[in-house]
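Student: These protein sequence lines are chains A and B, in that order.
Here the first sequence stands for residues 1115 to 1955, numbered as in this note's numbering.
Here the second sequence stands for residues 277 to 539, numbered as in this note's numbering.
C-beta: ideal position from N, C-alpha, C; glycine also.
Computed from a predicted structure; not experimentally measured.
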Amino acid sequence: MEKYNTSDIPKSSRIPRLVEHLYAEMPKIESARARLLTESYQQTEGEPIIQRRAKAFAHILHHLPIVIREEELIVGSSTLAPRSCQTFPEFSYQWLEDELDTVAGRSADPFFIKEETKEELRQIHQYWKGRTTSELATSYMAPEAIRGIEHNIFTPGNYFYNGVGHVTVKYWEVLNIGFEGIMAKAKAELAQCNVGDGDYARKSRFLEAVIISCQAAMDYAARYAELAQQMAEKCTDPDRKQELLAIADNCSRVPAKGAESFYQACQSFWFVQLLIQIESSGHSISPGRFDQYMYPYYKKDVEAGKITREAAQELMDCIWVKLNDLNKCRDAVSAEGFAGYSLFQNLIVGGQNKDGEDVTNDLSFMCIQASMHVNLPQPSLSIRVWNGSPHDLLIKAAELTRTGIGLPAYYNDEVIIPALMNRGLTLEDAREYNIIGCVEPQKAGKTEGWHDAAFFNMCRPLELVFSQGMDKGEMVGVPTKDISEMHSFEDFYDAYKQQMDYCISLMVNADNAIDVAHGERCPLPFLSSMIDDCIKKGKSTQEGGAVYNFTGPQGFGIANMADSLYAIRKLVFEEKQFTLGELKEALIWNYGKGLDQQSVQDLAQGILKEAENAGRQVDEKMTEAVVQSVLSMKLSKEKISRYEEIRNKILEVPKFGNDIPEVDYFARDVAYTYTRPIQQYSNPRGGSFHAGLYPVSANVPLGGQTGATPDGRYAHTPVADGVSPSAGKDVNGPTAAATSVSRLDHFIVSNGTLFNQKFHPSALSGREGLEKFVALIRTFFDQKGMHMQFNVVSRETLLDAQAHPENYKHLVVRVAGYSALFTTLSRSLQDDIIRRTEQGF
Amino acid sequence: MDYLKTAGRIFDVQRYSIHDGPGIRTILFLKGCILRCRWCCNPESQEFAIQKMIVQGEEKIIGRDVTVEEMLQVVEKDRAYYYRSGGGMTLSGGECLCQPEFARDLLRGAKERGIHTAIESMAGMPWENIQMVLPYLDLYLMDIKHTNLEKHKAFTGRSNERMLENARKTALSGMTRLVIRVPVIPGFNDTVEEIQGIARFAATLPGVDKIHLLPYHRLGQDKYTGLGREYLLDGVLPPSAEHMETLKKAVHAVCGLDCQIGG
Chain A
1115 MEKYNTSDIP KSSRIPRLVE HLYAEMPKIE SARARLLTES YQQTEGEPII QRRAKAFAHI
1175 LHHLPIVIRE EELIVGSSTL APRSCQTFPE FSYQWLEDEL DTVAGRSADP FFIKEETKEE
1235 LRQIHQYWKG RTTSELATSY MAPEAIRGIE HNIFTPGNYF YNGVGHVTVK YWEVLNIGFE
1295 GIMAKAKAEL AQCNVGDGDY ARKSRFLEAV IISCQAAMDY AARYAELAQQ MAEKCTDPDR
1355 KQELLAIADN CSRVPAKGAE SFYQACQSFW FVQLLIQIES SGHSISPGRF DQYMYPYYKK
1415 DVEAGKITRE AAQELMDCIW VKLNDLNKCR DAVSAEGFAG YSLFQNLIVG GQNKDGEDVT
1475 NDLSFMCIQA SMHVNLPQPS LSIRVWNGSP HDLLIKAAEL TRTGIGLPAY YNDEVIIPAL
1535 MNRGLTLEDA REYNIIGCVE PQKAGKTEGW HDAAFFNMCR PLELVFSQGM DKGEMVGVPT
1595 KDISEMHSFE DFYDAYKQQM DYCISLMVNA DNAIDVAHGE RCPLPFLSSM IDDCIKKGKS
1655 TQEGGAVYNF TGPQGFGIAN MADSLYAIRK LVFEEKQFTL GELKEALIWN YGKGLDQQSV
1715 QDLAQGILKE AENAGRQVDE KMTEAVVQSV LSMKLSKEKI SRYEEIRNKI LEVPKFGNDI
1775 PEVDYFARDV AYTYTRPIQQ YSNPRGGSFH AGLYPVSANV PLGGQTGATP DGRYAHTPVA
1835 DGVSPSAGKD VNGPTAAATS VSRLDHFIVS NGTLFNQKFH PSALSGREGL EKFVALIRTF
1895 FDQKGMHMQF NVVSRETLLD AQAHPENYKH LVVRVAGYSA LFTTLSRSLQ DDIIRRTEQG
1955 F
Chain B
277 MDYLKTAGRI FDVQRYSIHD GPGIRTILFL KGCILRCRWC CNPESQEFAI QKMIVQGEEK
337 IIGRDVTVEE MLQVVEKDRA YYYRSGGGMT LSGGECLCQP EFARDLLRGA KERGIHTAIE
397 SMAGMPWENI QMVLPYLDLY LMDIKHTNLE KHKAFTGRSN ERMLENARKT ALSGMTRLVI
457 RVPVIPGFND TVEEIQGIAR FAATLPGVDK IHLLPYHRLG QDKYTGLGRE YLLDGVLPPS
517 AEHMETLKKA VHAVCGLDCQ IGG
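1) Verify the CB distance criterion: does residue 485/B have a CB-CB separation below 9 Å to chain A?
2) Please report the straight-line C-alpha distance between residue 1442/A and residue 1483/A, rounded to a whole angstrom.
3) May I ask you to list the residues that DSSP assigns as paired with residue 491/B?
4) Could one say the Cβ of residue 356/B lies closer than 9 Å to chain A's Cβ atoms, at least one of them?
5) Does DSSP classify residue 1182/A as helix, strand or coil?
6) Distance cutoff 9 Å, beta carbons only. Does residue 1730/A sit that close to anything in chain B?
7) What residues in the stretch 1140 to 1167 of chain A bring their beta carbon closer than 7 Å to a beta carbon of chain B?
8) Taking the alpha-carbon positions, what's the residue 1166/A to residue 1650/A distance?
9) Using a C-beta to C-beta distance shorter than 7 Å, which residues of chain B count as neighbours of residue 1848/A?
10) Can you tell me which of the three DSSP states residue 1824/A falls into?
11) Restricting to Cα atoms, I'd like to know which of 1404/A, 1399/A and 1522/A is closest to residue 1459/A.
12) Please confirm whether residue 1393/A and residue 1235/A have their CB atoms less than 9 Å apart.
13) Can you name the residues of chain B whose CB is closer than 9 Å to the CB of residue 1776/A?
14) Could you run through the stretch 1824 to 1841 of chain A and flag, in chain order, every residue whose CB is less than 7 Å away from some CB of chain B?
15) I'd like the ranges of any alpha helix (DSSP H) spanning at least 4 consecutive residues and lying wholly in the stretch 1489 to 1559 of chain A.
16) Residue 1932/A to residue 1410/A, Cα distance in whole Å?
17) Let me check understanding here. Comparing Cα to Cα, which of 1746/A, 1445/A, 1718/A and 1793/A lies closest to residue 1736/A?
18) What ranges does the alpha helix (DSSP H) occupy inside the stretch 466 to 524 of chain B, keeping only unbroken runs of at least 4 residues that lie completely in it?
19) By the criterion of Cβ-Cβ separation under 8 Å, what are the contact partners of residue 1897/A in chain B?
20) Assuming the contact rule is C-beta atoms closer than 8 Å, residue 418/B and residue 394/B should be a hit. Round their C-beta distance to whole Å, please.
21) In the DSSP assignment, find the unbroken alpha helix (DSSP H) run with residue 1074/A in it and report its ends.
22) According to the neighbour-count rule (16 or more other Cβ atoms, all chains shown, within 10 Å of its Cβ), is residue 1845/A buried or exposed?
23) Over what stretch of residues does the beta strand (DSSP E) that includes residue 1089/A continue unbroken?
24) Identify whether residue 1667/A lies in helix, strand or coil by the three-state DSSP scheme.
25) Please compile the residues from chain A whose C-beta is within a distance smaller than 7 Å of the C-beta of residue 300/B.
26) Anything in chain B within Cβ reach of residue 1659/A, meaning under 7 Å, just list it in chain order.
27) Closer than 7 Å by C-beta to residue 1669/A: which residues in its own chain qualify, once you throw out the five before and the five after it? Chain order, please.
28) Report all residues from its chain with a CB closer than 7 Å to the CB of residue 1274/A; omit the five preceding and five following residues, and keep chain order.
29) What separation, rounded to the nearest whole angstrom, lies between the Cα atoms of residue 1920/A and residue 1938/A?
30) From residue 1817/A to residue 1468/A, what does the alpha carbon distance come to, in whole angstroms?
31) Residues in the same chain with beta-carbon distance under 7 Å from residue 1395/A, minus the five sequence neighbours each way, listed in chain order, please.
32) Do residue 408/B and residue 380/B have their beta-carbon atoms positioned less than 9 Å apart in this structure?
33) State yes or no: is the beta carbon of residue 497/B nearer than 9 Å to at least one beta carbon in chain A?
34) For residue 1449/A, does the count of other Cβ atoms within 10 angstroms reach 16, so buried, or fall short, so exposed?
35) Taking the alpha-carbon of residue 1367/A as reference, which of 1310/A, 1292/A, 1428/A and 1584/A has the nearest alpha-carbon?
36) With a cut-off of 9 Å, does the C-beta of residue 1877/A fall near any C-beta of chain B?
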């Protein structure tokens, strides 16, 4: 066989029909899983948690209603209704209980829910009081860490309320030996255990749990085999009958045994992908290097003449559709932060093998083709780029970018491999990395990465510098020097670093508390059966069973902080245009715009808290009086114009993102205030922390919790996106912005960076446009940038989509690390996407 | 290295330019032009004098005096992108050859640093001006707007004899790659016959292998208001994609030149 074939493959007529069926109705919340889980838990009180988890998983898989959708070739759905979701009360339920009546009407990611389902969930939830990971995590947290969360310094909400997910398992092992093979491994390990071993109790129970889980997975597939058989018998359409028989045949073999064909490998892959997401609510279950582990099956079938490229493509397209059939309901606030119903199932193509050879193959191209065919946000398609990547692959990827779907994202091997080795991965493992979720690199099948462990708002510690650690009347940070005693920029910068160090330690505390809670309450035996070295160690991934263990919380607002600190250095300390005191006032008064509702609340809350601390009784009357007095504070005209003047001076100071080396290297140093302290910490699984610099789409909602910043940003507006320059501040075009971003130290940010650029489609027109686009990516990577992604859509289109969402149901845009349907995003996020600088031309 | 000190007047610099020559390029827009094309999308480029223009409600100074050395520093910034894409520097305007010494020294500076050079120019300046830059020029993107001298004069303010003559001389010199560009302006030159006339002429120029048809656009319209000038093409719509295709076919029908729509 040729190394690869780049030619286009036509789309099967089945695919648009599958897509239409999938999007015909609003997603729903179903309660079957929650009910089955609870039933099982009630029967297993008092047993070891790992076994309770396995038994609950088995109970769910034995009784969860199953369905084969119209025209499907790849089967397996967690819900009866398409694109719907189950719930996971073992992690948390209170938010859902509170939002049951509003979840259908909310603006970001609404879900329909029947009245009887609500009632059933309310019943179920009664059992879970005091038993969730979320509640246990809270009880493990230090009070000051909880305060940090309450004051929005950081948000560990993702794993606080949900499963962890963020993993790539050994899909290849299931394809190869099936769950029977994995079960045999567990049994062999169990046989090796001596009842007198110190770890016998835990290890034996874990291995038994693995065996129960693997058996459950096989039983689940057998149910599908039976259903397909029954449907075939009743089917009058001879073609569909044959298809159903083939499905029955596949499901009776995989995932129990190794796959014997490419089709079976596809079906086996899908069961793994689906079942992991029934066991836990964790998202970012990333297929990883699909083009690599599927290739042997494809090659064998093609060479034997058993399958055509077209037929193989259709099967892959079917998987792509199925990846959009899975869904998850998040709480209203998180739904804004992760908007777009996204599950972040990251699938990556291209790159090197463990020996450093390029392994781009036919399937690499067909994966890109599949994303063109289905035109849906999942999977989050990624491309590995290195100096030896075939030009053809990049051109094909650029063609996909040009469609405006917001895919793929581009990753630089030349940075990521050394960055991972610096964290202790072997050269071979680092070369085989894939991406989890948005942008997080790791080695598949060996890592429990806890990527996406928290959002850390780098702007909030700067606010704490001005208030000596106080926020809304409470000591949240550390009591650094009063600003009137700061005589040099170093004094100020030191105070910022102290606040950062302290706040980071609080975030670590919160993450580790949550980590312990997952290990104690929700170990995942099924997932662990596919991660090295859980079976050998006899431990789940949640308890440190993986080879590599990390925690990767992400900072955001780097551009805002770089621009803020640079402006302070220049205007306050070098040019003495205004004092820190004046700046503080200007920030409180939002550069003369006055107090918005939120600022009034915050100020009043601070005053009341101080009164309370001073021993005064705070009642309703006093609250009202304080709010009124805050509201009555008026700024003089002189003050307003002075604050505006301060902002104008700030706006004139050079900003990050414009290829100004001095500013860019300053930003590099500011990024270290987050990335360096983090790496000193360790987690309860025996691993370490490392930083990411990306916000998903949290820069919009969390910016809403951040006051005015000294870069001229108004209060409660979005902060900068990932490592990208602040929206609208990069005025020298894409090359300048890319060069600036490459001046950050991406090697230390081993949990991933995110650089967003937006292009008008005309920038990619014709072969020449594609060539120039690829050259831009290559050059950014030559300069050691790590990641790049693009929105290719015109501003006019976006504005029109805002005005007429009904005409743009399928408009996909790339939002900070993933693709989402534009019209499903909240208004503020839509605005942010529109506001981003239109670059070039 | 005196040539580095040569001064000139520009009104804009655009990095990541991808429609004016091969690869990713930096365009320097030189101020001043002898034509007054009605469709000009950079009306602020026409006067050599430094001007004021209202941009989004604010007064902006258009034009600044710079040296070759300063400009080369800007051009150098994207060298890594030129290297990857086969790009370089393009001089545009205005008419860049209205400042021939400045243009020559910019091109010389780029060439000596190994950076690919191009100009976008209408060739209507004295031949000496063109001769000055040819030794340092890799690509001449030459505007030919019409073959009819009266119509040319009516719409641009000048006749076109010298342009056509300079086009031939440039082609005969063999010193630079030459590409002919035609702005397609409804009501001026957008008929099949007119475009074919230009194509036939271009085909007679030795060495020319490419012709670009650049569809008229209205993006410069607000600038006329900003300068307090009247936009004479008000109400003229950009040619449709179908019409552009028709014209492209028309070019192919009369000559063997490769024709592309857009730069």
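Tutor: According to the data block:
1) no
2) 26 Å
3) 460/B
4) yes
5) coil
6) no
7) none
8) 21 Å
9) 292
10) coil
11) 1399/A
12) no
13) Simply none; closest approach about 14 Å.
14) none
15) 1505 to 1516, 1527 to 1535 and 1541 to 1545
16) Below a pLDDT of 50, predicted positions are generally treated as unreliable, and residue 1932/A, at 38, falls in that range; the measurement from the model is reported next regardless. Cα to Cα, residue 1932/A sits roughly 29 Å from residue 1410/A.
17) 1718/A
18) 468 to 479 and 497 to 502
19) 356
20) Rounded, the Cβ-Cβ distance is 11 Å, inconsistent with contact.
21) The displayed coordinates of chain A run from 1115 to 1955. Any statement about residue 1074/A would go beyond what the structure contains.
22) exposed
23) The structure shown does not extend to residue 1089/A, since chain A spans only 1115 to 1955, so no value can be given for it.
24) strand
25) 1849, 1886, 1889 and 1890
26) The premise fails here: residue 1659/A is roughly 44 Å from chain B at the closest Cβ pair, so nothing lies under 7 Å.
27) 1570, 1572, 1788, 1805 and 1807
28) 1248, 1251 and 1628
29) 11 Å
30) 41 Å
31) 1202, 1205, 1276, 1277 and 1442
32) yes
33) no
34) buried
35) 1292/A
36) yes
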